[in-house]
Each structure stands twice: as C-alpha cells, then as structure tokens.
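What follows is a short report on a single structure.
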Ligand code: KIV
C-alpha cells in the first residue's frame, strides 16, 4: 500500500481546514525529542508555549519566562519538527510595552525558527497584532483565560461566565474575538470559556478558533503536551491524560535502581570483553 507523504502544514492550510470543517490539532512542545514525537503524530501545529515555565522550569505560572528562553526553546523544537507549523509564544513583558516592542520580539522568534507567533489579549492589544501582521509575521491570538493575566484574574479562572463589557465579561470576549480577527490574526486560541460562548465566537469569526477548556465546537483543539502524556501532576477538568508516561518513567528508573543494587545491571550482554 502506498501512502501520500504528509505535507508541511502552512498558515493558509489552517484557513482551508476551517473552510472544509476539518478539525485543527495543536500540541505544545519545548525540546527536540518531544517535538519529533509530536510531529510524528500528524499534529497540525506545535506551539512552543510559554507554558514551558510551568511544565519544564517548575514555575507556578507563566510570568517569569523570558524572550531569551523562548528563543532557545523555539530553536530546539524547529530542528525536530519538519511537518507541523511551529508557533512561538511571546512571553509576558515582550509585547505589553507597545507595537514596536511586539514586532521586534516577534522578529526574534521568527529568526529562531518559529513560523508564526502567539500573544494574549484582545481589544487592548489589537494595535500590536496589526503591527505584527503588517510586518508579514503570521500572528495567532489568545483570549479568555489568558494565563499571563493571572494577577488581574485573581487566579486561573474561567472567563465569560458573566455579562459585561469589562475584562472577563461575555460581551467583552465577543469584542475581543472580533478585534483579534480584524487586526489580522490568522487564528485565535479560546481558553477557559463556556462552550456555548466558544461556539458563538467560532460561528461569528472567519478565522479558525482553537479551544482549550472551551468545548467541542471550536475549529480545533490544543492541549499542553505534559497533560496529554500524563507527565504533569495537575488534574484539570479540561485536560486529559492520554497516557501515563510519568508512571512508566518512574517505573523504568526504579527498575534500573533495583537492578543495579541487586547486581543484575549491567549483565554480560551489555558489557565489553
Ligand atoms: O503556553 C501554552 O501552552 C498555551 C496553550 C495553553 C494554548 O498558551
């Protein structure tokens, strides 16, 4: 049986997937080993997320991660992901100062190997989205539960549950979604919002929506790799362990420790004459 070789995923392809009602998939990765594994799964997009702060660096939230660190992780992932579209996250502090800072730091991530960048926010950040898009850099938005706003939100809290035009209100999220699209984003992540609101935004926007904790009606879905693999300790309603790699890894290390202590490792087959 012959199989068609998988084509590299591009920004225009994602628009076509929405047009044809085909779901878009995105998973995070932060290093070459896992990027190769994720790429081989056939995923459409690999997000080098600022979630690297919590998954890899052991931080409590995404605030501390720096531009230099994001460039480093983008470089590692790009080397090992020949097919998926690689999106690099702009970390907290790398675009909030203004449009020219946002463009300059987007350029840095593109030079490190990203094919697109992502930032958090809607209305208030629309000028920066426009400036990045005008610099010919594909830009993905991210609204709803935006982890970089953890201090304003008072924790990682579901947004859009109450009516209102102020930050976190239902009507404001609809405005944010339109602002992101009109500013030139090619897709938008909807995180931690009620499924019905995500469905409404998905119907109203022409660009793809990619949900996490936003129900099944989004055009695509994203999860953090460490949650997918069961590497993280966190148990959240909107994540799912598709494997128990943490358990399997501890078992493998424990077996090594036991075999060394019992004098069983290394055996003759793994020793030189
Ligand atoms: O950094 C990240 O992993 C993200 C996803 C949760 C969308 O922004």
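In our numbering, the protein residues as written are 305 to 577. Ideal Cβ placement from N, Cα and C applies to all residues, glycine included. Since this is a predicted model, take the numbers as computed values, not measurements.
Q: Indicate the three-state DSSP secondary structure (helix, strand or coil) for residue 544 in the structure shown.
A: coil
Q: Take every Cβ of the region 403 to 417, pair it with every Cβ of the region 319 to 334, and state whether three or more of those distances are shorter than 8 Å.
A: no
Q: Could you tell me the distance, in whole angstroms, from the CA atom of residue 312 to the CA atom of residue 355?
A: 25 Å
Q. Would the beta-carbon of residue 435 fall within 8 Å of that of residue 407?
A. yes
Q) Going by beta carbon distance, what residues of the same chain come within less than 8 Å of residue 520, once the five residues before and after it are set aside? A) 499
Q. Closest to residue 389 by CA distance: which of 575, 347, 526 is it?
A. 347
Q) Heavy atom of ligand 1 less than 7 Å from the Cβ of residue 479, yes or no? A) no
Q. Cα separation between residue 544 and residue 567?
A. 39 Å
Q.
Quick check on this structure: which residue in 371, 550, 393, 387 has the alpha carbon closest to the alpha carbon of residue 444?
A. 393
Q) To the nearest angstrom, how far is it from the Cα of residue 320 to the Cα of residue 360? A) 34 Å
(Q) According to DSSP, is residue 494 part of a helix, a strand, or is it coil? (A) strand
**Q.** Coil, strand or helix - residue 421 by DSSP
**A.** strand
Q: Give the range of the alpha helix (DSSP H) segment to which residue 446 is assigned.
A: It is not in any alpha helix (DSSP H) - residue 446 instead sits in the beta strand (DSSP E) that spans 443 to 448.
Q | ligand 1 site residues, beta-carbon cut 7 Å against heavy atoms | A | 332, 351, 353, 354, 355, 366, 393, 422, 446, 451, 493, 495, 516, 526, 528
Q. Short check: CB of residue 427 to CB of residue 479, under 8 Å?
A. yes
Q.
So, at 7 Å on beta carbons, what are the nonlocal neighbours of residue 559 in its own chain, with the 5 sequence-adjacent residues on each side left out?
A. none
Q.
Looking at the secondary structure, which residues open and close the beta strand (DSSP E) in which residue 393 lies?
A. 389 to 393
Q) Smallest Cα separation from residue 439: which of 421, 453, 454, 446? A) 421
Q | Where residue 473 falls: helix, strand or coil (DSSP) | A | coil
Q: Taking residue 484 as the reference, give the member of 497, 349, 507, 424 with the closest Cα.
A: 424
Q. Relative to the alpha-carbon of residue 441, which residue among 369, 415, 536, 352 has its alpha-carbon at the smallest distance?
A. 415
Q. Taking the DSSP output, what are the residues bridged to residue 330?
A. 349, 526
Q. Tell me, which residues are paired with residue 516 by DSSP?
A. 495
Q: Using a threshold of 8 Å, state whether the C-beta atoms of residue 495 and residue 448 are closer than that.
A: yes
**Q.** Extent of the continuous alpha helix (DSSP H) run through residue 309
**A.** That residue, residue 309, is in no alpha helix (DSSP H); it is neither H nor E in DSSP.
(Q) I believe residue 492 touches residue 511 by the beta-carbon criterion, under 8 Å. Please report the beta-carbon distance rounded to the nearest angstrom. (A) 6 Å
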